[in-house]
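Chemist:
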Amino acid sequence: MSRKNAELAAVRRDAERKHGELKAAIDKLEEQLAVAVANADNVRRQSEDQFQMVMTKQLDNLFEQSAQQREDLVREHQEKVGELKEAHKKDLDLLKAEQKRADELKCCIQQEKLRSSELENELKNLKLQLMKAYEHQTNLQSAVDVLTETLKNEKLNFEAQIDSQNANIEANHAKEIAELKSNWDSEMEQLTKEHDRTIRDLNETVRRLQDEVSECPMQLS
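Numbering (the working numbering), first residue to last: 2 to 222.
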């Protein structure tokens, strides 16, 4: 686009230059005409006929030269105007194409902005859900910690109760064993005494029987 603008500016500068040349040529012709008029005055004073002839010739030359220059300048000007129109048409077409592309880009940007807004909303929702999930996890972790501590305390209490019960059971068992042993010892002592008494009784009975047996032969004789 900058190159087209530069070309358009160059064409305009060239047209202005040609216009300046045309104006300079006209000014030059006016100067030449003024000189011719002055010469004509001088010639008229010398000879009216000679003046008329010179004047006519100079005017013809001037008019012919001016007409040719005007024709050349007009033709060049028309060519430049045509070039300017063609360049303007190309620039306009290019501008329309660029405008169309700009509209398409604008539409794409709007769509991207809309999509970006949607993604931003989704991200906010995800962050909110993540915060809720983290809060829920924190609450669960706190509940788990409390439950773990409670179970730990209950376990310690239960173990203490078990230890106490085991100690009581062992004490009761030892007491029962001691009582059973004491009863057993008493029974054994009693049985031993009864056994000893029975042995004594048997021995006494045996001696008595022996005495009786020993007395029997004496009676028989």
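For every residue, glycine included, the Cβ atom is placed at its ideal position computed from N, Cα and C.
Is there a Cβ of chain C sitting closer than 8 Å to that of residue 163, yes or no?
Modeler: In the structure shown, chain C cannot be found, because there is only a single protein chain.
Chemist: Do you know how far the Cα of residue 194 is from the Cα of residue 213?
Modeler: Between residue 213 and residue 194, the C-alpha separation is close to 28 Å.
Chemist: Taking 6 Å as the limit between beta carbons, can you name the residues of its chain near residue 221, skipping five residues before and five after?
Modeler: For residue 221, the predicted model reports a pLDDT of 49, less than 50, meaning its position is unreliable; a value from the coordinates is still stated below. Excluding positions up to five away in sequence, the list is empty.
Chemist: When the Cα atoms are used, what is the spatial distance from residue 172 to residue 140?
Modeler: Rounded to whole angstroms, residue 172 to residue 140 spans 47 Å at the Cα level.
Chemist: Using the C-alpha atoms, what's the distance from residue 85 back to residue 96?
Modeler: Rounded to whole angstroms, residue 96 to residue 85 spans 16 Å at the Cα level.
Chemist: Do you know how far the Cα of residue 83 is from the Cα of residue 77?
Modeler: Answer to the nearest angstrom: the Cα atoms are 10 Å apart.
Chemist: Tell me the rounded alpha-carbon separation between residue 152 and residue 132.
Modeler: In a straight line, the C-alpha of residue 152 is about 29 Å away from that of residue 132.
Chemist: Residue 186 to residue 196, Cα distance in whole Å?
Modeler: Those two C-alpha atoms are separated by around 15 Å.
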